[in-house]
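Novice: So that we are looking at the same thing, I have put the structure below in structure tokens.
Number of protein chains: 4
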Amino acid sequence: MTLLIISGSSRDNSNSEFFAEKAAASYKGDVKWIRLREKTIRQIHDQRHDENGFDPVKDDHAQVVEAMFEADEVLFATPLYWYGMSGYMKTFIDRWSQSMRDTDVNFNARIAGKPGYVITCGGDQVDIKGLPLILQFRHIFEFTGMEFKKYFIGEARKPGDAEKSDRLNQLEQFFS
Amino acid sequence: MTLLIISGSSRDNSNSEFFAEKAAASYKGDVKWIRLREKTIRQIHDQRHDENGFDPVKDDHAQVVEAMFEADEVLFATPLYWYGMSGYMKTFIDRWSQSMRDTDVNFNARIAGKPGYVITCGGDQVDIKGLPLILQFRHIFEFTGMEFKKYFIGEARKPGDAEKSDRLNQLEQFFS
Amino acid sequence: MTLLIISGSSRDNSNSEFFAEKAAASYKGDVKWIRLREKTIRQIHDQRHDENGFDPVKDDHAQVVEAMFEADEVLFATPLYWYGMSGYMKTFIDRWSQSMRDTDVNFNARIAGKPGYVITCGGDQVDIKGLPLILQFRHIFEFTGMEFKKYFIGEARKPGDAEKSDRLNQLEQFFS
Amino acid sequence: MTLLIISGSSRDNSNSEFFAEKAAASYKGDVKWIRLREKTIRQIHDQRHDENGFDPVKDDHAQVVEAMFEADEVLFATPLYWYGMSGYMKTFIDRWSQSMRDTDVNFNARIAGKPGYVITCGGDQVDIKGLPLILQFRHIFEFTGMEFKKYFIGEARKPGDAEKSDRLNQLEQFFS
Numbered sequence: 001m002t003l004l005i006i007s008g009s010s011r012d013n014s015n016s017e018f019f020a021e022k023a024a025a026s027y028k029g030d031v032k033w034i035r036l037r038e039k040t041i042r043q044i045h046d047q048r049h050d051e052n053g054f055d056p057v058k059d060d061h062a063q064v065v066e067a068m069f070e071a072d073e074v075l076f077a078t079p080l081y082w083y084g085m086s087g088y089m090k091t092f093i094d095r096w097s098q099s100m101r102d103t104d105v106n107f108n109a110r111i112a113g114k115p116g117y118v119i120t121c122g123g124d125q126v127d128i129k130g131l132p133l134i135l136q137f138r139h140i141f142e143f144t145g146m147e148f149k150k151y152f153i154g155e156a157r158k159p160g161d162a163e164k165s166d167r168l169n170q171l172e173q174f175f176s
Numbered sequence: 001m002t003l004l005i006i007s008g009s010s011r012d013n014s015n016s017e018f019f020a021e022k023a024a025a026s027y028k029g030d031v032k033w034i035r036l037r038e039k040t041i042r043q044i045h046d047q048r049h050d051e052n053g054f055d056p057v058k059d060d061h062a063q064v065v066e067a068m069f070e071a072d073e074v075l076f077a078t079p080l081y082w083y084g085m086s087g088y089m090k091t092f093i094d095r096w097s098q099s100m101r102d103t104d105v106n107f108n109a110r111i112a113g114k115p116g117y118v119i120t121c122g123g124d125q126v127d128i129k130g131l132p133l134i135l136q137f138r139h140i141f142e143f144t145g146m147e148f149k150k151y152f153i154g155e156a157r158k159p160g161d162a163e164k165s166d167r168l169n170q171l172e173q174f175f176s
Numbered sequence: 001m002t003l004l005i006i007s008g009s010s011r012d013n014s015n016s017e018f019f020a021e022k023a024a025a026s027y028k029g030d031v032k033w034i035r036l037r038e039k040t041i042r043q044i045h046d047q048r049h050d051e052n053g054f055d056p057v058k059d060d061h062a063q064v065v066e067a068m069f070e071a072d073e074v075l076f077a078t079p080l081y082w083y084g085m086s087g088y089m090k091t092f093i094d095r096w097s098q099s100m101r102d103t104d105v106n107f108n109a110r111i112a113g114k115p116g117y118v119i120t121c122g123g124d125q126v127d128i129k130g131l132p133l134i135l136q137f138r139h140i141f142e143f144t145g146m147e148f149k150k151y152f153i154g155e156a157r158k159p160g161d162a163e164k165s166d167r168l169n170q171l172e173q174f175f176s
Numbered sequence: 001m002t003l004l005i006i007s008g009s010s011r012d013n014s015n016s017e018f019f020a021e022k023a024a025a026s027y028k029g030d031v032k033w034i035r036l037r038e039k040t041i042r043q044i045h046d047q048r049h050d051e052n053g054f055d056p057v058k059d060d061h062a063q064v065v066e067a068m069f070e071a072d073e074v075l076f077a078t079p080l081y082w083y084g085m086s087g088y089m090k091t092f093i094d095r096w097s098q099s100m101r102d103t104d105v106n107f108n109a110r111i112a113g114k115p116g117y118v119i120t121c122g123g124d125q126v127d128i129k130g131l132p133l134i135l136q137f138r139h140i141f142e143f144t145g146m147e148f149k150k151y152f153i154g155e156a157r158k159p160g161d162a163e164k165s166d167r168l169n170q171l172e173q174f175f176s
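Residue numbers (UniProt numbering), protein chains in the order written: chain X, 1 to 176; chain W, 1 to 176; chain C, 1 to 176; chain Z, 1 to 176.
In structure tokens:
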């Protein structure tokens with residue numbers, strides 16, 4: 001079994017990545033990471049309704065999507081930026097609409113049924129103000145046919161806060 | 001009085017822009033548009049906690065923010081992509097975190113109290129699946145001190161659908 | 001075709017009922033009303049897991065449920081009390097859990113596929129603070145297999161406010 | 001310091017009460033319980049706008065409200081019934097609108113600033129389908145001026161499930 005962690009954090013020493021790491025420690029299988037800030041992913045240009053469909057885009061999107069398909073399970077780790085997933089993550093997911101129309105990719109069949117997890121982290125009443133993000137991921141998973149297995153909402157503001165979190169015990173058996 | 005419409009749509013002939021236009025027809029004052037797809041806006045690199053703060057970024061972000069401050073009211077128009085605002089819009093808003101720390105910008109004081117509006121548009125049970133986006137904007141407005149005046153959820157899938165919408169009458173007196 | 005309006009309002013001259021009436025004016029078929037405040041409906045005593053199941057309850061619940069089955073479509077009209085449906089409505093719906101276990105009632109089969117509508121009304125930023133109620137109804141309809149057709153959120157505080165609402169035009173073709 | 005737990009469960013041997021008990025074990029102070037199913041609380045008759053205001057109601061409501069004021073902190077424990085608080089709890093809270101207009105009660109002043117907690121429990125994807133309830137409580141607390149301190153979402157279906165929950169460790173330091 002393999003788990004892919006896709007991180008939407010925009011900096012090193014990320015609290016959301018720390019939480020994801022803690023959770024992954026309970027994973028029985030291989031764990032792989034992709035940090036979107038190290039990739040080049042362009043905004044979608046919506047050509048769903050163009051006669052010739054989407055123009056090909058030269059960036060790292062296809063490679064990340066392929067990694068997602070190859071993994072048995074996918075964990076999306078994102079800081080809560082402005083009460084939603086980070087722009088890195090959103091830009092990545094928006095482009096799924098393009099991948100779905102690429103017949104070579106076979107997006108729908110390869111993602112359907114895949115277990116999905118969400119870890120997010122914020123500092124401003126995150127337990128409540130993070131809920132729209134969870135609701136959004138629910139819809140995303142539903143639309144793709146992924147299975148929403150579990151989420152974790154962490155509280156942290158400054159670099160290093162996650163390590164001192166009193167919620168770490170919730171992550172000890174995150175996968176189990 | 002001036003209204004700035006910031007559009008997060010990723011294509012011309014956009015349904016969300018059509019709805020925004022209809023709404024703006026009832027605006028008593030000047031209406032200005034910014035289409036984010038025509039701007040270059042880079043993802044945020046979170047340096048909030050770096051000793052020297054954020055590195056300056058050369059793109060169009062500051063200019064859009066300045067236009068936002070100069071307007072009396074701001075309407076955010078975004079298609080519902082993956083049950084949230086588009087990556088264009090999210091990337092733009094994420095960078096506010098940087099602007100807020102730029103003492104030359106005076107972000108907080110200039111945005112506080114500004115009336116905000118949201119128009120979104122989607123095709124998959126948008127009245128329900130668009131609600132996390134509305135909840136998210138509520139938090140965004142609250143955090144900045146903007147006043148959440150009103151929102152409109154449109155239903156449309158293909159280019160041209162908005163023109164045939166049976167909700168256009170809801171927009172006739174959107175500003176009034 | 002018949003529409004049953006179940007009202008959870010706790011007073012005559014109700015704003016939510018006024019909005020429901022306006023909506024019903026566009027219904028092509030018979031319209032029937034049940035006002036829960038005129039019925040006696042007791043709180044559920046959860047005996048789902050008792051050996052002998054639920055004790056029979058003598059009140060008007062069964063009769064309202066039967067009316068719901070006989071109607072082709074059902075509109076739930078409730079004021080927004082404390083950011084949720086009224087206690088009248090909630091008490092009524094809680095008891096569905098009992099009806100579902102009554103083999104004489106055949107609840108699941110008779111409600112599945114039935115179109116459902118929600119009209120609510122409140123005065124404190126109802127467009128936003130009413131959203132948890134809409135999300136809750138979504139889950140309720142989903143669980144029963146009802147189809148969530150449409151909702152309307154009205155704004156009104158004092159008796160008579162609904163009549164002066166600038167949203168009445170949204171109700172003109174509510175059913176159509 | 002005293003904590004009042006108000007339970008909206010409709011049966012003995014309640015899972016939500018079990019979770020509340022576990023949480024309360026970490027409370028440094030006295031813990032008091034009120035089980036609404038053992039009280040008589042009538043539905044509200046909305047007379048907010050009647051010339052003479054509300055007619056007095058003879059039931060246990062005033063007594064529970066008084067206990068709420070006397071406690072330093074209040075924990076609302078409710079099963080998730082139909083994706084919301086139970087009818088017992090909702091009926092109780094609806095009547096606050098009456099208490100607020102009773103000048104002898106001094107509701108607003110006595111509840112403002114009081115820390116509030118929510119524990120709920122359900123069996124059908126409760127982590128996601130319980131979110132509207134949390135959002136609703138947020139609005140309730142905001143309106144009264146209570147402080148939303150913390151919530152816990154438990155998973156349990158049958159009597160006894162709570163005892164076997166793998167989330168009990170989250171409750172060990174619920175108050176701390």
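All C-beta atoms, glycine included, are put in the ideal place defined by N, C-alpha and C.
#1: On the criterion of 16 or more Cβ atoms from any shown chain inside 10 Å, does residue 182 of chain Z qualify as buried, or is it exposed?
#2: When the Cα atoms are used, what is the spatial distance from residue 224 of chain X to tyrosine 81 of chain C?
#3: In its own chain, which residues sit with a C-beta less than 6 Å from the C-beta of phenylalanine 76 of chain Z, not counting the 5 before and 5 after it?
#4: CB-CB under 7 Å to glycine 130 of chain Z, same chain, minus the five flanking residues each way: which ones, in chain order?
#5: Check the C-beta distance from histidine 61 of chain X over to isoleucine 41 of chain X and give it rounded, since I have them as a contact under 8 Å.
#6: Residues of chain X with CB under 7 Å from tyrosine 83 of chain Z, in chain order?
#7: Would you mind telling me which residues of chain W sit closer than 9 Å to aspartate 166 of chain C, beta carbon to beta carbon, in chain order?
#8: At a CB-CB cut-off below 8 Å, which residues of chain X make contact with arginine 138 of chain Z?
#9: So who's on the other strand from lysine 149 of chain Z, going by DSSP bridges?
#10: Can you name the residues of chain Z whose CB is closer than 7 Å to the CB of aspartate 94 of chain C?
#11: From C/Ala25, C/Gln43, C/Glu70 and C/Gln125, pick the residue whose C-alpha is nearest to that of leucine 168 of chain C; which is it?
#12: Along chain Z, in chain order, which residues have C-beta atoms closer than 7 Å to that of leucine 135 of chain X?
#13: Thinking just about the alpha-carbon of each residue, which of W/Val74, W/Thr103, W/Tyr88 and W/Ala162 is nearest to the one in glutamine 114 of chain W?
#14: At a cut of 8 Å, does the stretch 88–104 of chain X reach the stretch 97–107 of chain Z through at least three beta carbon pairs?
#15: Can you tell me whether aspartate 46 of chain W is buried or exposed? The criterion is at least 16 other CB atoms within 10 Å of its CB, across all chains shown.
#16: Compute the beta-carbon to beta-carbon distance between lysine 90 of chain X and lysine 22 of chain W, rounded to the nearest angstrom, for a pair I have assumed lies under 8 Å.
#17: Measuring alpha carbon to alpha carbon, tell me which residue in X/Phe137, X/Ile34, X/Glu172 and X/Asn52 is nearest asparagine 83 of chain W.
#18: My understanding is that isoleucine 44 of chain Z touches arginine 95 of chain Z, with C-beta atoms under 8 Å, so please give their C-beta distance in whole angstroms.
#19: Please list the terminal residues of the continuous alpha helix (DSSP H) segment that includes leucine 131 of chain Z.
#20: With a threshold of 16 other CB atoms inside 10 Å of the CB of alanine 20 of chain Z, please say whether the residue is buried or exposed.
#21: In three-state DSSP terms, what is arginine 35 of chain C?
#22: Does the beta carbon of tyrosine 117 of chain C sit closer than 8 Å to a beta carbon anywhere in chain W?
#23: In chain order, what residues of the same chain have a beta carbon less than 8 Å from the beta carbon of tyrosine 151 of chain C, not counting five sequence neighbours either side?
#24: Which runs of the alpha helix (DSSP H) fall wholly inside the UniProt domain "NADPH-dependent FMN reductase-like" (1–125) of chain X and span at least 4 residues, in chain order?
#25: Using a 10 Å radius around the Cβ and a threshold of 16 neighbouring Cβ atoms, would you call serine 176 of chain Z buried or exposed?
#26: Need the endpoints of the alpha helix (DSSP H) that asparagine 169 of chain C sits in, please.
#27: Output yes or no for whether 8 Å exceeds the beta carbon distance between glycine 8 of chain Z and methionine 68 of chain Z.
#28: Residues of chain B with CB closer than 7 Å to the CB of aspartate 46 of chain X, please, in chain order.
#29: Going straight from the alpha carbon of glutamate 147 of chain W to that of phenylalanine 141 of chain W, what length do you get?
#30: Nearest chain X C-beta to threonine 91 of chain W closer than 8 Å, yes or no?
#31: Taking the Cβ atom as the reference point for each residue, do alanine 112 of chain C and leucine 4 of chain C lie within a distance shorter than 8 Å?
#32: Would you mind working out which of Z/Asp55, Z/Arg37, Z/Ser10 and Z/Met1 sits nearest glycine 29 of chain Z, comparing C-alpha positions?
#33: For asparagine 15 of chain Z, tell me which candidate among Z/Gln170, Z/Asp166, Z/Glu172 and Z/Pro159 has the shortest Cα-Cα distance.
#34: Starting from the beta carbon of tyrosine 151 of chain W, find every residue of chain C whose beta carbon is closer than 7 Å, and list them in chain order.
#35: Would histidine 139 of chain X be called buried (16 or more neighbouring beta carbons within 10 Å of its own) or exposed?
#36: Using DSSP's beta-bridge definition, name the partner residues of glycine 154 of chain W.
Specialist: Taking the definition as stated:
#1: Because chain Z is modelled from 1 through 176, residue 182 of chain Z falls outside the range shown and cannot be assessed.
#2: In the structure as shown, chain X starts at 1 and stops at 176, and residue 224 of chain X therefore has no counterpart that could be examined.
#3: Ile6 and Val118
#4: Leu80, Thr120, Gly122 and Ile153
#5: 5 Å
#6: What tyrosine 83 of chain Z touches in chain X: nothing, since even the nearest Cβ is about 13 Å away.
#7: Gln173 and Ser176
#8: Ile128
#9: Paired residues: none, contrary to the question.
#10: Tyr81, Trp82, Ser86 and Gly87
#11: C/Ala25
#12: Leu131
#13: Note that residue 114 of chain W is lysine in the sequence shown here, rather than glutamine. Comparing Cα positions, the closest option is W/Val74.
#14: no
#15: buried
#16: About 27 Å; that fails the 8 Å criterion.
#17: Reading off the sequence, residue 83 of chain W comes out as tyrosine, not asparagine. Per the Cα distances, X/Phe137.
#18: 5 Å
#19: 131–144
#20: buried
#21: strand
#22: no
#23: Tyr117, Val118, Ile119, Thr120, Ile134 and Phe137
#24: 15–24, 61–70, 87–94, 96–99 and 107–111
#25: exposed
#26: 168–171
#27: no
#28: No chain B is part of this structure, whose protein chains are labelled X, W, C and Z.
#29: 6 Å
#30: yes
#31: no
#32: Z/Met1
#33: Z/Pro159
#34: Asp127
#35: buried
#36: W/Cys121
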